[in-house]
Amino acid sequence: MRLIYLLLLFWIYPTFATETEPPIRFGLTAVVLTENLRFLDQWSQYLGQKMDRKIEFVLRKSYQDVMDLLDSGGIEFAWICGYPYVQTRKPESLQLLTVPIYRGAPRYHSYIIVHHNSTHQRFSDLKGKIFAFSDPDSNSEFLYPLTLMMEKGEKPETFFRQTFFTFNHAETVQAVSEQVADGGAVDSYIWEYLAIFRPDITEKTRIIKTSPSFGFPPIVSRVGVNDTTVSLMKSILENMDEDLAGQELLERLKLDGFGHFSDSLFNEIRAMAYKIRRADPICSMLPTE
Amino acid sequence: MPVLSPKSWPLAIKLSLTITAVVAAVGFMIGAVIVAQDWKRFQDELGTKALLLSEFVAITTPKAMLRKDYWQLYLSLKNMASRRSDTTGGHEVITAMILDTEGKVMAHLHPAENKMDLPFSPGNRIEEELFQQAMSTRSTIVLSSGGFSKTGFQEGVVPIFSDQKYMGVVRVRLSVAQLYEKAKDSAMIVLALVFCFVIIGSGLGTIVSRRMVKPLTAVTQGLEAVGRGEMTDFTPIPINERDEIGRLSVTFNQIMAELAEKKMLEEEIAMSEKLVALGRITAGVAHEVNNPLAGLLNCIDTLRKHPDDKKLIDRYLPVIDQGLHRIKDIVHSLLVGLKIEESHETMSIQHIDKLHDLIKAEIGDRNIDIIWENHTNKDLHIPGKIEQIVCNLLKNAVEILPQGGRVVFCMHQNGPQLVIEVSDNGPGIPSNIRNQLFDPFFTTKTNGTGLGLWVVYRLVQSMEGIIEVMSDEDQGTTFHVSIPVITMKAA
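Sequence order for the protein chains is A and B.
Take the first sequence: its letters are residues 1 to 289, numbered as in the working numbering.
Take the second sequence: its letters are residues 1 to 491, numbered as in the working numbering.
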């Protein structure tokens, strides 16, 4: 990861050779295309040119790592999941910046997938099986299936025979397609994205359950970043669909654009998190606050 | 079919086939050893590779095993397997697995059939044995399917330790399919080389054996020529070598030269014998013809002096007649004998039986008994000369017998020999004249020509037969004739 960071630095450095201000750091996890370095270069160059400052994408394995970076001031902005966003922090260390708009709305689903040859038709059929999660701080890939189990009065340790985390959405799909896991939970945005760019793995999976819609994973800013930078970033992102370069980048991300939405967009996730906490306040698999 | 029997094959072929067979056998043996060693080396190399891959996985897995990070364990197997087949193009990973201390699957390259966190279940007895070996080992080992098979494998087994605590085992199994193809290719090359050696070897073998056998063939042909009695036109065997065959050729050439010389000498002797015999016959004829001629001339002279003496005419005319008939008989006998001697006519053996009646007529009313035994096959054909032989012998016997005598004629086959025996119980032949029996003009009868037995002797000789006489005075005589003339012809 450090190597990638360094490579990115060398790549971007000549463009901003005259800049003296420190770069703006943008945290990402495997929620999006972290392997596609060329795309991230193009995006960071686009944002850098618009902001007239160097932009660095900081890649981390898990949401927790990114949240830690936000807490410690290691990054200014981050693309995180709705679940870490709704968790209570004292004092609050982040604020909602903008929300991606996907297929006309700032919403997405959680898909419960199985192997395409599998006989499982319902989530309950997966009892006693092996299940793949992506990230313990993910809404669609952990919180939602946790809720499904809770509704049946079960916990992952009792419902599944074995579970594991891949910390990579695409690898969750891969784990199911290669039958390492009998089932998995995956973000609808990621699954649809993979269906276009990696149909070989999505073709071997079948969706057996689609969740109600949730607020799309938002982009947040750290509390303490100066307002000008925050509002400039917000404006640049929300106006990406108005210029050609921005449209191309959005096309690559398969997003319509970014928009301003109220915090209430995440109330469904907030409610689920609350229910889980009440039902099992010491659930071993829940992230500690 | 005698041609198909190897015993009747020419020595040159047998020798070159033997050399070819030896070259092929040696070639194939060496080839088989090379192929077997190649295969073993390939297998050993593959085993080492399987072990290296297992070690690579074993080094990177302990932490993931402790955390039960199944996905990382699976990815490490998957990356290892894909790296092997993509980068080296070498050896396909058939299967790979990480098992914990209890034999439960921590990760498997084929997760669909081998679910995580469940005990590994070997498919058959052999797999069960391999599993037990893998679980019991605490040091790195290579397990092999053994044998020369496309479906074989080499498996590297490496136990996993963390802080000297046994945590489980990594098994990586590589297919020998590509090695098998490689070994098959090299076996084909070896086979082709051996084939070339066999062709070259058999070519050389043919040349060597021909060279060796050529003098022997010449010796054989020479000996066959000796058998046929053709010794004079023999070409000496060329001597190229001074080895055993060379020495044999030299000796053979010497023998042949001596035989040719001997043959020439014999021919010369035979020629002079012929001239002597001719002289004797001429002298005999002159003498026999001259004897009556002198009497005849006297008679004619006397008659010319007394042409009107009727008594003289009555006395001398029968004498002249008798003398002229005698001369006629002598000439006739000579002509008949010589004419038949040159004849190559054949006849059915049944003709001989007609002589039975003829000889009965010859006996007339004399009291002579004839016993006739013909034991030959009726379909036999024999030279016409034999009839004359039998006729002369029978007439001879009948003429010599007194009243109450007995003649036995017996004829039978003995292999290619026709055997004729004519016996009588007459007075026998005195021992002092037995040597002259077959001489021309020798006779003991008052009016015999002395040519009957001479003709018999000449005819028997002309057919390369043998005639023997057994006689005791007052006991009788037996003529035994044996002639190699048996030929079968359709009657």
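We put the CB at the ideal spot given by N, CA and C, even for glycine.
In this text, all values refer to a predicted model and were calculated from it rather than measured experimentally.
Quick one: Cα of B:Leu99 to Cα of B:Gln132, how far? 12 angstroms
On the criterion of 16 or more Cβ atoms from any shown chain inside 10 Å, does A:His169 qualify as buried, or is it exposed? buried
Which residues, taken in chain order from the region 174 to 199 of chain A, show a beta carbon closer than 7 angstroms to some beta carbon of chain B? Ala175, Glu178, Gln179 and Val180
State yes or no: is the beta carbon of A:Ile130 nearer than 7 angstroms to at least one beta carbon in chain B? yes
For a quick check, are the C-beta atoms of B:Glu155 and B:Arg171 less than 7 angstroms apart? B:Glu155 places its beta carbon less than 7 angstroms from that of B:Arg171.
Close beta carbons around A:Pro84, own chain, < 7 angstroms, minus the five adjacent residues each side: Tyr63, Met67 and Asp137
For a cutoff of 7 angstroms on Cβ pairs, would you count A:Thr166 as touching chain B? yes
Three-way DSSP call (helix, strand, coil) for A:Lys254 in this model: Looking at A:Lys254 - three-state DSSP - the assignment turns out to be coil, as it is neither helix nor strand.
Identify which residue in A:His116, A:Phe133 and A:Val86 has its Cα closest to the Cα of A:Phe214. A:Val86
If you draw a straight line from the alpha carbon of B:Phe42 to that of B:Gly152, how long is it in whole angstroms? 12 angstroms
Could you list the residues in the region 94 to 120 of chain B with a C-beta less than 9 angstroms from some C-beta on chain A, going in chain order? Ala107, His108, His110, Pro111, Ala112, Glu113, Lys115, Met116, Asp117 and Leu118
Would you say the region 149 to 166 of chain A touches the region 97 to 117 of chain A, given that touching needs at least three Cβ pairs under 8 angstroms? no
What does DSSP give as the partner residues of B:Met347 in its beta bridges? B:Ile382
Can you confirm whether B:Tyr74, when its beta carbon is compared against all beta carbons of chain A, has any partner nearer than 7 angstroms? yes
What would DSSP say about A:Ser301, mapped onto helix, strand or coil? Outside the shown range of chain A (1 to 289) lies residue 301 of chain A, about which nothing can therefore be said.
Please return the same chain residues whose Cβ sits closer than 6 angstroms to the Cβ of B:Leu334, not counting the five positions on each side in sequence. For B:Leu334, where only same-chain residues beyond five positions count, there are no Cβ hits under 6 angstroms.
Let me check one thing: in DSSP terms, what residues is A:His109 bridge-paired to? Paired residues: none, contrary to the question.
Excluding sequence positions up to five away, which residues of its chain have a Cβ less than 6 angstroms from the Cβ of A:Gln45? Once the five neighbours on either side are set aside, A:Gln45 has no close Cβ partner at all.
Please determine if the region 196 to 206 of chain A and the region 161 to 179 of chain A are in contact, where contact requires at least 3 C-beta pairs separated by less than 8 angstroms. yes
Does the beta carbon of A:Gln162 come closer than 7 angstroms to any beta carbon on chain B? yes
Considering only residues of the same chain and omitting the five flanking positions on each side of B:Pro484, which have a CB-CB separation below 6 angstroms? Pro416 and Gln417
Determine which residues share a DSSP beta bridge with A:Ala185 and list them. Residue pairing by DSSP puts A:Ala185 in a beta bridge opposite A:Ile112.
If we ignore side chains and look at the alpha-carbon of each, how far apart do B:Val429 and B:Ile349 end up? This sequence places Ile at residue 429 of chain B; Val is not what is there. Their backbone Cα atoms lie some 30 angstroms apart in a straight line.
Starting from the beta carbon of B:Trp39, find every residue of chain A whose beta carbon is closer than 7 angstroms, and list them in chain order. What B:Trp39 touches in chain A, judged by beta-carbon distance under 7 angstroms, is nothing: the nearest beta carbon there is about 35 angstroms away.
Are the C-beta of A:Ala279 and some C-beta of chain B separated by less than 7 angstroms? no
Answer yes if the region 121 to 129 of chain A comes into contact with the region 223 to 239 of chain A, meaning at least three C-beta pairs across the two stretches below 8 angstroms, and no otherwise. no
Any chance you could list the beta strand (DSSP E) runs of at least 3 consecutive residues sitting entirely within the region 6 to 61 of chain B, in chain order? none
How is the beta strand (DSSP E) around B:Ile200 delimited, first residue to last? Premise fails: B:Ile200 lies in the alpha helix (DSSP H), Ala177 to Arg228, not in any beta strand (DSSP E).
Could you list which residues in chain B have their beta carbon closer than 9 angstroms to that of A:Glu171, in chain order? Trp71 and Leu75
Spell out the partners DSSP gives B:Asn492 in its beta bridges. Lying before the first or after the last residue shown, residue 492 of chain B is absent from chain B, which here runs from 1 to 491.
Could you name the residues of the same chain whose beta carbon sits closer than 6 angstroms to that of B:Ser109, not counting the 5 residues immediately before and after it, in chain order? According to the sequence shown, residue 109 of chain B is Leu rather than Ser. So the list reads Leu77, Ala81, Thr95 and Ala96, once near-sequence residues are dropped.
Does the region 394 to 403 of chain B come close enough to the region 363 to 371 of chain B that 3 or more CB-CB pairs lie under 8 angstroms? Contact holds: three or more Cβ-Cβ distances are below 8 angstroms.
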